[in-house]
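Chains as they are written, first to last, in full-length UniProt numbering: chain W, 1 to 520; chain D, 1 to 331. Quick notes on the structure that follows.
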Amino acid sequence: MIDAELEPTVTPLSAEVPALEVRGLVKHYPGVKALDGVDLVVRQNEVLGLAGENGAGKSTLLKALVGLVRPDAGEIWVRGKKVRLKSVVDAADHGIGMVFQEQSLVPNLTAAENIVLGSEGPGVRRGMYRWKTMRNLAQQQLDKIGSDIDPLARTDTLTFAERQMVEIAKVLRIEQRTQFAPVIILDEPTSVLESKEIETLFTQVRRLREFASVVFVSHRLDEVLDVCDRVTVLRGGESVGEVAAAGAVPGDLHRMMIGSTGSDDHYHGNASQRSGEPLRPMLEVRGLSGKTFRDVDLDVHAGEIVGIVGVHGSGREDVCRALFGAEPTTAGEVSLDGTVLELSGTRAACAAGIGYVPAERKIEGMVGPMSVADNMTLTKQKSRCNGPLIAPKKQATLVDGWIERLSIRTPHRGTAIQRLSGGNQQKVVLARWLVAGDIRLLLLDHPTRGLDIGARSEVYRLMRELANSGVATVLLADSLEEAIGMSDRILVMSDGRATKEVACPAGGKPTPLDLVKEMV
Amino acid sequence: MSTPVLATPAADPAVVSGGPTVGQRLTSFMPLIALVALLAALTIADPDFLTQRSLTAAVRTSAPLVVLAAGATLVVLCGGIDLSIAALCSLSTVFFAMWLPDLGGLTALAVVVAAGAIGAVQGLAHVLLRIPSFIVTLGGLSIFSSVALVISDAGPIRVVDRDATKWLTLYVGGVVPMAFFVAVLVVAAIALVLRLTPVQSWITATGFSESAARLAGTPVDRVKVAAFTVSGACAGLAAVMLVSRNFSGSPTMADNLLLPAVAAIVVGGTAITGGHGSIWRSLVGALVITLLRVGLPIVGVPSAWEQILYGAIIVAAVALTLDRSKVLIIK
């Protein structure tokens, strides 16, 4: 284990002023408390891990730390001074920099240009690039992390791992702005790296600790424990605990992340999951290939929920969109209830009885300024029309009926959907596929993203009831626990391929760690 | 299939973000307020302005602008823009003058259909070739202007047979000019179709978020092509109105209507980013613009200043109505 390599002496003195401290940070979004009083201490020359499920508030916290989100309440202290961070530049002035999960390099510039972009300093004189100076500046940065990347290589010719090194080199430029040691935030830096590249990254992180503090965020708990000195766990927008990495095991973190409730009790997993033989096959996918996935086979029976799990970049989202005709495919055959599908577009998919709930609800799932009624009937217009005309009474009966059945909390069916809370918005989006009663296959891409616990469990119950009524469901869950709790079977995807199928029957559920082994 | 039932009441509040703010409410009435304020100002500047005669003249002048703006509003609601309307309108006046001797009473219909077809072609190019509507219609603007110049030999064509357009110069009830009446009818007809059919939902969804509209399986492409078709047909109808007033067709007759039409749309409060607005707003917007047009000479502003005003109005109105939360990057 790499734990052995950790020097026991790195733990800084407690009397030292923390490099970064967060006190009682609060941030509300409509319907969601993203941060609900987070406390966090990053000591000098320490690697602090940040763990938490999706929706625990990690991203919001990180954004607040680099000035992308303004907290509603709470304080941020940098080296004993209270600060207000209004922008990324502001944060950089205080020595805080972040390597984003989605890389932020400009692909058609050289590594050197990217590294000094926005902080050119002596690299620009009289408005002109001084290429030699710039290359030297970039080389200095790359030397800091001991990387042998050619600064004059175009960024889009580098591998993902190399680009990440460039990002780290770039972020270290903030040292120029302050005489103090910087705080570097790494957001999910390993999610698309291979194991050898991960080792290189970890070496870098340990090197960074020599002259900086690091906040390290990852879903992979074993990694977090490997590379960090301490780990702070977030749950539901609160910091729920702190663990010294030495001696801790992933299970410890995990229990703190999910709290007292296990996956089985609040996902209605065992309670109402169908038992007995599956019904007829509803969806059959053979050898489906596209830009980001290859040769995927998938079967979903009527009444079955099949979860697809995989890390960022596994291609599972694209498979889901391809089945809905929203993403082109290059090969493969898909049939629904015995009929081969053309996958020619979303309209054809809708007509065939396929429904899709996108992950980005506010942008792709709903039309914000439109009413609940218009959103609910957007796809199945016939359900509210007589001939070509909208029948107001028919629409009122239909929409009010579903508002009641799904207990959607809205003042009126005519209220703009953007005024509802996230859970109620999502129920309207789900109802869109149900109003015509012709749904056969539901593709759910992170259906509970950004919802609070109460709204989540309502969505879970609805999913279960739909399955019981014979709908086949493909679920891209927000967390492994959700996937395990809800699914009858789980398909593991890695690097665009379906690598493993795991049975997930009531009473015989795999553990998250079983799945993680297959995902990497 | 049995119907799923969820019995547990939700614990979260019904409405989490408030309705429109005072500012938003105010901007939504802004066009009407502007209209009334303009009328008042002009009446103060020239007490003779508030007479039936000058008002009738004003609304008669506004008719082609109302029709042009109404059609183009549909394209804007879908999230696009139609810059070709004025050029297409000019071309249509030439069509009208050239076809009248052969087609007689059917000329108006033929011109509207032809202009609609040209609009449809632009829509198809936008949708099928995936070119931004801004570029397609900018190209259209240039092409239509040129075609109009070529087929007219770069000069006005006199319309001798005035009977074909005489009906547009009549008055409804002796007061309301027929051209304006027709313009309002067009607006009402489009508004009615939007209100009574799913088209309103489709257009709003397309304009607000095209990806949401596609993922909901709405006919995004057909809606857009239809919007361009109606926009083209409206340009044709506006051309008929112009010919009825000027007794000729000319390759540049409507060219100076593009900016006023766009100004009418944005002054009405329709969001240039799509998804929010209405066709009635553009009617009010067109009236505001017309009053400015006829009012400037009254308060002594030379007409050469007109274009400055339109430019300033467009920028100011968009600045007021733009939903910046939706536009992350301003290009």
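Ideal Cβ placement from N, Cα and C applies to all residues, glycine included.
Taking only runs of the alpha helix (DSSP H) that begin and end inside the stretch 427 to 504 of chain W, which ones reach a length of at least 4 residues, in chain order? Runs of the alpha helix (DSSP H) inside the stretch 427 to 504 of chain W: 453 to 468 and 480 to 486.
Kindly confirm or deny that the stretch 67 to 84 of chain W and the stretch 21 to 39 of chain W touch, where touching means at least three C-beta pairs closer than 8 Å. yes
Taking only beta-carbon atoms, is D:R214 less than 9 Å away from chain W? Indexing the second sequence from 1 puts residue 214 of chain D at position 214. Output row for D:R214: interface = yes.
Buried or exposed for W:Q273, going by 16 or more other Cβ atoms inside 10 Å? Residue numbering aside, residue 273 of chain W sits at position 273 when the first sequence is read from its first letter. Only weak support exists for where W:Q273 lies, its pLDDT of 49 falling under 50; the coordinates are left without a value.
Does D:L320 come within less than 9 Å of chain W when only Cβ atoms are used? One-based indexing of the second sequence puts residue 320 of chain D at position 320. It does not; no Cβ of chain W falls within 9 Å.
Between D:V75 and D:I81, what straight-line distance do the alpha-carbon atoms span, to the nearest angstrom? For the purposes of this step, residue 75 of chain D is taken as residue 75 along the second sequence, with counting starting at 1. For the purposes of this step, residue 81 of chain D is taken as residue 81 along the second sequence, with counting starting at 1. Rounded to whole angstroms, D:V75 to D:I81 spans 6 Å at the Cα level.
Neighbourhood of W:V435 by C-beta distance below 7 Å, restricted to the same chain and skipping five residues each side: Start at 1 with the first residue of the first sequence, and residue 435 of chain W comes out as number 435. Closer than 7 Å at the Cβ level, and outside the excluded window around W:V435, lie M376, T377, K380, S383, L398 and W402.
Closer than 9 Å, CB to CB, is W:L117 near chain D or not? One-based indexing of the first sequence puts residue 117 of chain W at position 117. Not one chain D Cβ lies under 9 Å of W:L117.
Which of the three DSSP states, helix, strand or coil, is assigned to W:H312? If you number the first sequence from 1, residue 312 of chain W lands on position 312. In the structure shown, W:H312 sits in coil (DSSP, three-state: anything other than H, G, I, E or B).
Whole-angstrom distance between W:R173 and W:S119, CA atom to CA atom: Residue 119 of chain W sits at position 119 when you count from the first residue of the first sequence. Residue 173 of chain W sits at position 173 when you count from the first residue of the first sequence. One C-alpha to the other measures close to 7 Å.
Quick check for students: name the residue ranges of the alpha helix (DSSP H) that lie wholly in the stretch 71 to 117 of chain D, counting only runs of 4 or more. Whole alpha helix (DSSP H) segments, 4+ residues: 85 to 103.
Terminal residues of the beta strand (DSSP E) in which D:I314 lies: Taking the second sequence and counting its residues from 1, the one referred to as residue 314 of chain D is at position 314. Where D:I314 is concerned, there is no enclosing beta strand (DSSP E), although the alpha helix (DSSP H) around it starts and stops at E306 to T321.
Compare the beta carbon distance of W:L420 and W:L462 with 9 Å and say whether it is the shorter of the two. The count along the first sequence starts at 1 and reaches residue 420 of chain W at position 420. The count along the first sequence starts at 1 and reaches residue 462 of chain W at position 462. No, they are not a contact pair.
Under 9 Å between the Cβ atoms of W:V367 and D:A271? Locating residue 367 of chain W in the first sequence gives position 367, where the first residue counts as 1. Locating residue 271 of chain D in the second sequence gives position 271, where the first residue counts as 1. It is not a contact, given that the beta carbons lie outside the stated cut-off.
Near W:L61, what residues of its chain come up, given a Cβ to Cβ distance below 8 Å and the 5 sequence neighbours on each side ignored? As a working note, residue 61 of chain W is residue 61 in the first sequence. For W:L61, where only same-chain residues beyond five positions count, the Cβ hits under 8 Å are V22, L25, L35, V38, L40, L50 and L234.
Comparing alpha-carbon positions, which option in D:P47, D:V67 and D:S28 lies nearest D:L185? Along the second sequence, read from residue 1 onward, the residue named residue 185 of chain D stands at position 185. Nearest C-alpha to D:L185 among D:P47, D:V67 and D:S28: D:V67.
Taking the alpha-carbon positions, what's the D:R60 to D:G119 distance? Start at 1 with the first residue of the second sequence, and residue 60 of chain D comes out as number 60. Start at 1 with the first residue of the second sequence, and residue 119 of chain D comes out as number 119. So the alpha carbons of these two residues sit roughly 25 Å apart.
Straight-line Cα distance separating W:E188 from W:I96: Position 96 of the first sequence, counting from 1, holds the residue named residue 96 of chain W. Position 188 of the first sequence, counting from 1, holds the residue named residue 188 of chain W. Between W:I96 and W:E188, the C-alpha separation is close to 17 Å.
Quick one: is D:M30 buried, meaning 16 or more other Cβ sit within 10 Å of its Cβ, or exposed? Working through the second sequence from its first residue, we reach residue 30 of chain D at position 30. Classification of D:M30: buried, given that the 10 Å Cβ count is 16 or more.
Any beta carbon of chain D sitting closer than 9 Å to that of W:Q426? Position 426 of the first sequence, counted from the start, is the residue given in the question as residue 426 of chain W. Closer than 9 Å: no.
Rounded C-alpha distance that separates D:G207 from W:L389: Position 207 of the second sequence, counted from the start, is the residue given in the question as residue 207 of chain D. Position 389 of the first sequence, counted from the start, is the residue given in the question as residue 389 of chain W. D:G207 and W:L389 have their C-alpha atoms some 22 Å from each other.
Assess, as a yes-or-no matter, whether the stretch 268 to 285 of chain D is touched by the stretch 219 to 239 of chain D under the definition of 3 or more beta carbon pairs within less than 8 Å. no
Against chain D, with Cβ distances strictly below 9 Å, would W:F324 count as a contact? Here residue 324 of chain W is taken as the residue at index 324 of the first sequence, counted from 1. So, interface residue.
Return the first residue and the last residue of the beta strand (DSSP E) that W:I174 is part of. If you number the first sequence from 1, residue 174 of chain W lands on position 174. Bounds of any beta strand (DSSP E) do not take in W:I174, whose DSSP letter is neither H nor E.
Please classify D:F228 as buried or exposed, where buried requires at least 16 other C-beta atoms within 10 Å of its C-beta. Walking along the second sequence from the start, residue 228 of chain D turns up at place 228. It is buried - the Cβ of D:F228 has at least 16 other Cβ atoms within 10 Å.
The stretch 264 to 279 of chain D: which residues have C-beta closer than 9 Å to a C-beta of chain W, in chain order? G275 and H276
Pairwise C-alpha distance: W:Y460 and residue 523 of chain W: In this structure chain W extends from 1 to 520, so residue 523 of chain W is not present and cannot be described.
What do you reckon, are the CB atoms on D:L291 and D:L128 nearer than 9 Å? Looking up residue 291 of chain D in the second sequence gives position 291. Looking up residue 128 of chain D in the second sequence gives position 128. No.
Going by the beta-carbon positions, is the gap between W:L137 and W:G127 smaller than 9 Å? Indexing the first sequence from 1 puts residue 137 of chain W at position 137. Indexing the first sequence from 1 puts residue 127 of chain W at position 127. In this structure, W:G127 does not lie closer than 9 Å to W:L137 by Cβ.
In or out: W:K132 buried (at least 16 other Cβ within 10 Å) or exposed? Here residue 132 of chain W refers to the residue found at position 132 of the first sequence. The residue in question, W:K132, is exposed, as its Cβ has fewer than 16 Cβ neighbours within 10 Å.
Nearest-angstrom beta carbon gap, W:L444 and W:V474 [assumed within contact, 8 Å]: Locating residue 474 of chain W in the first sequence gives position 474, counting from the first residue. Locating residue 444 of chain W in the first sequence gives position 444, counting from the first residue. Indeed, because the Cβ distance is near 7 Å, the residues count as touching under 8 Å.
Using the beta-carbon of each residue, which ones in chain D are nearer than 7 Å to W:Q381? Within the first sequence, the letter at position 381 stands for residue 381 of chain W. Under the 7 Å cutoff, chain D gives P198.
Assuming W:V516 contacts W:V502 under a Cβ cut-off of 8 Å, what Cβ separation, rounded to an integer in Å, is found between them? For the purposes of this step, residue 516 of chain W is taken as the residue at position 516 of the first sequence. For the purposes of this step, residue 502 of chain W is taken as the residue at position 502 of the first sequence. W:V516 to W:V502, Cβ: 12 Å. No contact.
I need the straight-line Cα distance from D:L38 to D:V288, nearest angstrom please. In the second sequence, residue 38 of chain D corresponds to position 38, counting from 1. In the second sequence, residue 288 of chain D corresponds to position 288, counting from 1. About 7 Å.
Based on DSSP bridge pairs, tell me the residues matched to W:V78. For this step, residue 78 of chain W is matched to residue 78 along the first sequence. When DSSP reads this structure, W:V78 sits in a beta bridge with W:L20 and W:K81.
Let me confirm a value: W:K58 is counted as buried when at least 16 other C-beta atoms fall within 10 Å, else exposed. Which label applies? Here residue 58 of chain W refers to the residue found at position 58 when the first sequence is read from its first residue. By the neighbour-count rule (16 or more Cβ atoms within 10 Å), W:K58 is buried.
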